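Under the working numbering, think of the first position of the sequence shown as 192, with each following residue one higher. We put the CB at the ideal spot given by N, CA and C, even for glycine. Here the structure is a predicted model, which means the values were calculated and not measured.
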Amino acid sequence: MLRIDLGGCEGFADNARYLENVSSAKHALQTLDSGSGAGSDFLGWNELPSETDAAQIQSYLDVVDSWLEKGIELVVVIGIGGSYLGAKAAVEALSHTFSREMHLTDGPQVVFAGQNLSEEYIAELMDLVSMRNTALVVISKSGTTTEPAVAFRLLKSRLEQRYGEEEAASRIVAITDARKGALKTLSDSKGYRTFVVPDNVGGRFSVLTPVGLLPMALAGLDIEAMIDGARQMQRICDEPSEDNPAIKYAAMRNLLYASGKKVELLTTFNPKLQYVAEWWKQLFGESEGKEGKGIFPASVCFTTDLHSMGQYIQQGERMLFETFISVENSRREVLIERDEEDLDGLNYLEGVNVEHCNHMAELGTKLAHIEGGVPNITVTMEQIDEYNLGQLFYFFEKACGLSAYMLGVNPFDQPGVESYKKNMFALLGKPGYEAMGEELKKRL
Ligand code: PA5
Numbered sequence: 192m193l194r195i196d197l198g199g200c201e202g203f204a205d206n207a208r209y210l211e212n213v214s215s216a217k218h219a220l221q222t223l224d225s226g227s228g229a230g231s232d233f234l235g236w237n238e239l240p241s242e243t244d245a246a247q248i249q250s251y252l253d254v255v256d257s258w259l260e261k262g263i264e265l266v267v268v269i270g271i272g273g274s275y276l277g278a279k280a281a282v283e284a285l286s287h288t289f290s291r292e293m294h295l296t297d298g299p300q301v302v303f304a305g306q307n308l309s310e311e312y313i314a315e316l317m318d319l320v321s322m323r324n325t326a327l328v329v330i331s332k333s334g335t336t337t338e339p340a341v342a343f344r345l346l347k348s349r350l351e352q353r354y355g356e357e358e359a360a361s362r363i364v365a366i367t368d369a370r371k372g373a374l375k376t377l378s379d380s381k382g383y384r385t386f387v388v389p390d391n392v393g394g395r396f397s398v399l400t401p402v403g404l405l406p407m408a409l410a411g412l413d414i415e416a417m418i419d420g421a422r423q424m425q426r427i428c429d430e431p432s433e434d435n436p437a438i439k440y441a442a443m444r445n446l447l448y449a450s451g452k453k454v455e456l457l458t459t460f461n462p463k464l465q466y467v468a469e470w471w472k473q474l475f476g477e478s479e480g481k482e483g484k485g486i487f488p489a490s491v492c493f494t495t496d497l498h499s500m501g502q503y504i505q506q507g508e509r510m511l512f513e514t515f516i517s518v519e520n521s522r523r524e525v526l527i528e529r530d531e532e533d534l535d536g537l538n539y540l541e542g543v544n545v546e547h548c549n550h551m552a553e554l555g556t557k558l559a560h561i562e563g564g565v566p567n568i569t570v571t572m573e574q575i576d577e578y579n580l581g582q583l584f585y586f587f588e589k590a591c592g593l594s595a596y597m598l599g600v601n602p603f604d605q606p607g608v609e610s611y612k613k614n615m616f617a618l619l620g621k622p623g624y625e626a627m628g629e630e631l632k633k634r635l
């Protein structure tokens, strides 16, 4: 079971003020669960785990089966932001690090596109597509986002040239709005199989909808276990209690923020969790960073980054706090062996497993950073598997909703994201943006 430990905040946070924040977090929970807060049209994620049924899970597994029958070797998942990061996080966390090099899975390799506008990335991906039996999953809630639309146009055309329109259509699944948007129109006209992003679930809260679950199923992950884990966390996070981990996390991070700790470093000790940190950054950054407010979410992966960012964290500007994701059990064991010569001086570690060294590094880092003025919140998960990742996803979503309400912002909108889009459209010469384009060019 996921646990949260606030012991590393002692000395940084006044207990009476923490208790006041716990009350505010309980109030935020009531506001969120009753649907009386800002953005309440976007609360579909809140009960999603308990509402996900076997038929939905089966519909994703049907796609996996039909593509396995076709011998699909490569699935390109096209999407950006909330239509990308959850699936990427789960696939990276739960796949063998070297599965590609080792040709380990019977199923297709899952890769991602539409998450950038790099010409070299898409050209290199098309090189791969031309060598593999390929299918596409295109994900866009709005159905109008430029990055995935460009990637989809290019990849769809490759598939149509290679397999013909009809066969290509059977190799494309679209996940989009039930009624509107260019992707919906295109899917209807071409006859693609579609799944719906529910109206009341925003992109960054959509990891437990088809947006995350279909790519995960295609990568061979156990999506039922993931939903089970999320379901259990939903029950725990529904409790208006000071032991509710979402309440504890929201209460403490807002208290630290009010005391000048403006940057939160999500800290992992396992590279498998690097994209979980990317997913978390989007969740909190887009939900809280508005109206001139919000903790800046950043991330580091230790021990790797102790050799690059460790110095700053220990002694740089004191505006940081850390949230460690601590993993209790490694799923593999590698013991350090005795060496008769012991020229490297490591024989004192004989018979010790590598994860024990990692754990001691974690505890040593925690103590050193607290000593250096960096408060620590630790979130512990039992191990990196589908069940525990499902818990972690739901925990952070719920805590994010509460935390943003405590901060006084609407967690479910993202008005600031539009500014770059308008400028990009104007500079690209999109019809309707001509005058703005001229104006911007003068400023460049
Ligand atoms: O969280 C969000 O709302 C955004 O990050 C979106 O997911 C992202 O912009 C992609 O949008 P869409 O799915 O409409 O293409």
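Who pairs with Glu519 in a beta bridge, going by DSSP? Residue numbering aside, residue 519 sits at position 328 when the sequence shown is read from its first letter. Paired residues: none, contrary to the question.
What ranges does the beta strand (DSSP E) occupy inside the stretch 294–380, keeping only unbroken runs of at least 3 residues that lie completely in it? 300–304, 325–331 and 363–367
Closest residue to Arg194 among Pro436, Gly277 and Gln249 (Cα-Cα distance): Position 3 of the sequence shown, counting from 1, holds the residue named residue 194. That would be Pro436, whose Cα lies nearest to the Cα of Arg194.
Determine the contact status of Leu526 and Gly542, defining contact as a CB-CB distance below 8 Å. Residue mapping note: residue 526 aligns to position 335 of the sequence shown, counting from 1. Residue mapping note: residue 542 aligns to position 351 of the sequence shown, counting from 1. Yes.
Heavy atom of the ligand PA5 less than 7 Å from the Cβ of Gly607, yes or no? As a working mapping, residue 607 is identified with position 416 in the sequence shown. No, the Cβ of Gly607 stays beyond 7 Å of every heavy atom of the ligand PA5.
Alpha carbon to alpha carbon, what distance is there between Pro602 and Ala617? What you label residue 617 is simply residue 426 of the sequence shown in a count that begins at 1. What you label residue 602 is simply residue 411 of the sequence shown in a count that begins at 1. Going from the Cα of Ala617 to the Cα of Pro602 covers about 29 Å.
Drop a sphere of 10 angstroms on the beta-carbon of Asn478, count the other beta-carbons inside from all chains shown, and report buried for 16 or more, exposed for fewer. Taking the sequence shown and counting its residues from 1, the one referred to as residue 478 is at position 287. Per the sequence presented here, residue 478 reads as Ser, with Asn not at that position. Looking at its Cβ environment, which holds 16 or more other Cβ atoms inside 10 Å, Ser478 is buried.
For my contact list, Met597 and Ala216 are in at a C-beta cut-off of 8 Å; report their separation, rounded to the angstrom. By one-based count along the sequence shown, residue 597 stands at place 406. By one-based count along the sequence shown, residue 216 stands at place 25. With a Cβ gap of about 6 Å, Met597 and Ala216 count as contacting.
Buried or exposed: Leu580, going by 16 or more other Cβ atoms within 10 Å of its Cβ? Here the question's residue 580 lines up with position 389 in the sequence shown. Classification of Leu580: buried, given that the 10 Å Cβ count is 16 or more.
List the whole-angstrom C-beta distance separating Val267 from Thr325, where the pair is believed to meet the contact cut-off of C-beta under 8 Å. Position 76 of the sequence shown, counted from the start, is the residue given in the question as residue 267. Position 134 of the sequence shown, counted from the start, is the residue given in the question as residue 325. The pair is a contact, with the Cβ atoms about 7 Å apart (cut-off 8 Å).
Helix, strand or coil for Val491, going by three-state DSSP, please let me know. Residue 491 sits at position 300 when you count from the first residue of the sequence shown. Note: Val491 maps to strand in three-state DSSP.
Use the C-beta contact count for Thr376: other C-beta atoms within 10 angstroms, 16 or more gives buried, fewer gives exposed. Here the question's residue 376 lines up with position 185 in the sequence shown. It counts as exposed.
Integer-rounded CB distance, given that Gln465 should sit under 8 Å from Arg395: The count along the sequence shown starts at 1 and reaches residue 395 at position 204. The count along the sequence shown starts at 1 and reaches residue 465 at position 274. Arg395 to Gln465, Cβ: 18 Å. No contact.
In this structure, how does DSSP classify Asn544 when only helix, strand and coil are distinguished? The residue labelled residue 544 in the question sits at position 353 within the sequence shown. Residue state, collapsed to three classes: strand.
Element boundaries [alpha helix (DSSP H), containing Thr243]: Locating residue 243 in the sequence shown gives position 52, where the first residue counts as 1. Element bounds for Thr243: n/a, residue is neither H nor E.
For Lys192, which option in Phe475, Phe586 and Phe289 has the closest C-alpha, if you only look at C-alpha atoms? For the purposes of this step, residue 192 is taken as the residue at position 1 of the sequence shown. Per the sequence presented here, residue 192 reads as Met, with Lys not at that position. The shortest C-alpha separation from Met192 is found at Phe586.
Using 10 angstroms around the beta-carbon of Ala245, count the other beta-carbons present and answer buried if the total reaches 16, otherwise exposed. Taking the sequence shown and counting its residues from 1, the one referred to as residue 245 is at position 54. Looking at its Cβ environment, which holds fewer than 16 other Cβ atoms inside 10 Å, Ala245 is exposed.
Among Glu482, Met551, Asp429 and Glu292, whose alpha-carbon lies nearest the alpha-carbon of His218? In the sequence shown, residue 218 corresponds to position 27, counting from 1. Per the Cα distances, Asp429.
Given Ser331 as reference, the closest of Leu635, Leu276, Val320 and Glu573 once Cα atoms are compared: Numbered from its first residue, the sequence shown carries residue 331 at position 140. When each option's Cα is compared against that of Ser331, the closest is Leu276.
Quick one: what's Leu526 bridged to in DSSP? The sequence position of residue 526 within the sequence shown is 335, counting from 1. Beta-bridge pairing links Leu526 to Asn544.
Buried or exposed: which applies to Gln352, given that a residue is buried once 16 or more other Cβ atoms fall within 10 Å of its Cβ? Taking the sequence shown and counting its residues from 1, one reaches residue 352 at position 161. It counts as exposed.
In angstroms with no decimal places, state the Cα-to-Cα distance between Ala342 and Leu447. Residue 342 sits at position 151 when you count from the first residue of the sequence shown. Residue 447 sits at position 256 when you count from the first residue of the sequence shown. Cα to Cα, Ala342 sits roughly 41 Å from Leu447.
Apply the 10 Å Cβ neighbour rule to Phe515 and answer buried if 16 or more other Cβ atoms are within range, or exposed otherwise. Position 324 of the sequence shown, counted from the first residue, corresponds to residue 515. Per the 10 Å Cβ criterion, buried.
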